[in-house]
Amino acid sequence: MPDFDNPSVADILDTVGDLLEISGADKFRFLSYHKAAHALRAFPEDVMTLAADGRLTDVPGIGKKLAASIVTLVQSGTFPEFEAITSELPGTLVELVEVPGLGPKKVKVLFERLGIVSVDGLESAIEAGKLAGLAGFGTKTIENLSVGIDAFRRHRQRALIADVLPFAERIVSAMREVDGVADASYAGSLRRRCETVGDIDIVVASERPAAVMEATRQLPRTERVLASGETKTSIVTTGGLQVDVRVVAPSQYGAAMQYFTGSAEHNVRLRELAKSRGLRVNEYGVFRVHDDVRVAGASEDEVYAALGMVTPPPELRENTGEIQAAQEDRLPRLLKLGDIRGDLHMHTTATDGKSTAEQNRAKAAELGYEYIAITDHAVNLRMVGGLDLDALERQWESIDELNAHGNGPHILKGIELNIDDDGEVDYSEDVLARFDIALASLHSGWGQPRDVATRRVLRAMENPLVDVISHLTGRVLRRRDPIDLDIEAVMAKAAETATALELNCYPDRLDLDDTHLRMAKHAGVVITLGTDSHEATQLGYMTYGVGQARRGWIEPGDVLNTLPLEGLRARLKRARVL
DNA sequence: GCCGTTTTCGGCCCGACTGTTTTCAGTCG
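Using this note's numbering, the letters of the first sequence correspond one by one to residues 77 to 654.
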């Protein structure tokens, strides 16, 4: 029986949905595939169990038809609808839809008229001038497609941390079950909490490496074994992700973890430092050069101590000042998930969210939060039903009701405002004054010149009732480049006006990035963390934001929502004028 | 294709922006 998990089934459903859309199928038919895929990804039970128990229809969005298809899929590796659509359209068309500027309709034209089935094919066709004269493809569109292809190439290589981390954790669990294994962990960019990762590095401590190598080759979703030797095996998963598993003796585990966690730059600097002390560092330990005696290696702390420093947290290991800080024992005490007392950015069914305020509060209670802010879209974002004054009154009333009755985290009345072309926001001052917290963000104008875009953000920060600028650059990882902003000017204005900047924790945003965060800290700008959750389960995305914050050297004192509720209120910008 | 139901079929959100097919389709969110 083929091995499937929720993401791999979801990926197949998404492919069918995309191909159906390209083929011109009914909108609601292809959307139902995407809805089912999305629900399956977030569903807390495994698809194989659900299929075996006949409970797939428990997943919202999966009805009788899709349940039967999924059962067939997990039993046979395919299902009739998948076969039918992939015989009509090549599956590679899906990648073309990923190119910014290309949607299903244009992809269909490219396929039918020019036989283009891939991004490479599209690029060749553009270079050969074959698109000229094609209906719907003017000079400007063709020009934009070339840019889109570049962006596609630049962004597609690496996987999002949120897509990889759960899989890596399952591999680690599997490795720990292998006979003779003393310890196992993921290392590399994943352990450093990079926002995207190119592969998964696993380090295993065992005296019986052969058993570990065998277990690696047998991992679920292994498509291809690239290499498999005595202590190292590399595989490629069905999702195209490379996994490298390395086995060392338990006494070498710390050195191997240090070595494979990197970064390369961090390790180079460390080895230079070791050499100056008459030492040598490799994945097996720290050795004295003159007599080759091993002086450390069982633990990372031992390795770093041998080199005269305390252990820097993995998130800092980029050779950007952490080694000197570690030598001087003045490493920051980085933010931890447990420091977060509430989530300051989420949407509800009042706009484009899937959960109610009450459901979000229930999830927040699970997470141990003291408060949350409901921050639905403001009126000018009409495409998602942004809230007008009447809708606001209704929402405030229901929040008052929830806060008065029932227990759970306190709900703050928030809003996500739109920064318009002049840097103004959706409501007048008297309305803004009635929120507990107001975020403002860019939702348009992605191609604007730097000075124009920057002016909008600066203007918004001058509003005394805009507390936070949310997802500052608007980037979407692997999909949309950040808007071109004068970040320095933004930081200076934020500090001057006491406007907080949000670290948006949604996995494909993670906006601010690590560099911006360090800039903010340096400038004395306060940070908020918000998940931008569109359904209650996504409140769990906070962990990815905390990882990013740590990469940005952020400490609890830099973050507003580590404060208790009254402390938070007192520190929001509006407290100065209200 | 799912869902809810006034149980057997109709509803499923929609507006702004872009480029171009100059009156609107396609993309985006």
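All C-beta atoms in this analysis are idealised placements derived from N, C-alpha and C, irrespective of residue type, glycine included.
Relative to the C-alpha of V273, which candidate in V288, R297, V248, V240 has its C-alpha closest? V240
Could you tell me which whole alpha helix (DSSP H) segments of length 4 or greater appear in the segment 405-444? 433-442
How many angstroms separate the CA atom of E394 from the CA atom of P388? 10 Å
Taking all protein chains shown into account, do 16 or more other C-beta atoms lie within 10 angstroms of the C-beta of K655, making it buried, or fewer, making it exposed? Nothing about residue 655 can be read from this structure; the chain reaches only from 77 to 654.
Assuming L411 and V622 form a contact by the criterion Cβ under 8 Å, report the distance between their Cβ atoms to the nearest whole angstrom. 6 Å
Residue nearest to I161 in terms of C-alpha spacing, selected from H486, L116, I98: I98
Backbone CA spacing between P176 and R551 [nearest angstrom]: 13 Å
Would you check if the distance between the CB atom of I237 and the CB atom of Y620 is smaller than 9 Å? yes
Excluding the 5 residues preceding and the 5 following L420 in the sequence, name in chain order all residues of the same chain whose CB lies nearer than 6 Å to its CB. A449, T604, G606, N637
When the Cα of R652 is compared with those of T573, G100, G616, K489, which residue comes out closest? T573
Between A374 and the rest of its own chain, which residues show a CB-CB distance below 7 Å, the 5 nearest in sequence each way excluded? S327, Y329, G330
Do L593 and Q614 have their CB atoms nearer than 9 Å? no
By DSSP's criteria, D275 is part of a beta bridge. Which residues make up the other side? Q318
CA-CA distance, L508 and V533? 17 Å
Excluding five sequence neighbours on each side, which residues of the same chain lie with their C-beta closer than 7 Å to the C-beta of S222? I202
First through last residue of the alpha helix (DSSP H) which encompasses F155: Segment: none, F155 is in no alpha helix (DSSP H) and carries neither H nor E.
Assuming L518 contacts I495 under a Cβ cut-off of 8 Å, what Cβ separation, rounded to an integer in Å, is found between them? 5 Å
Can you give me the C-alpha to C-alpha distance between D428 and M459, rounded to a whole angstrom? 9 Å
Could you tell me the alpha carbon to alpha carbon distance between I475 and I247, rounded to whole angstroms? 43 Å
To the nearest angstrom, how far is the alpha carbon of T530 from that of M537? 11 Å
Determine the DSSP secondary structure at D377, reduced to helix, strand or coil. helix
I'd like to check one pair, L588 with L541: are the Cβ atoms closer than 9 Å? no
Range covered by the alpha helix (DSSP H) that runs through L169: 169-173
Since I believe D502 is in contact with V544 (beta carbons under 8 Å), could you give me their beta-carbon distance rounded to a whole number of angstroms? The Cβ separation is near 15 Å, so there is no contact.
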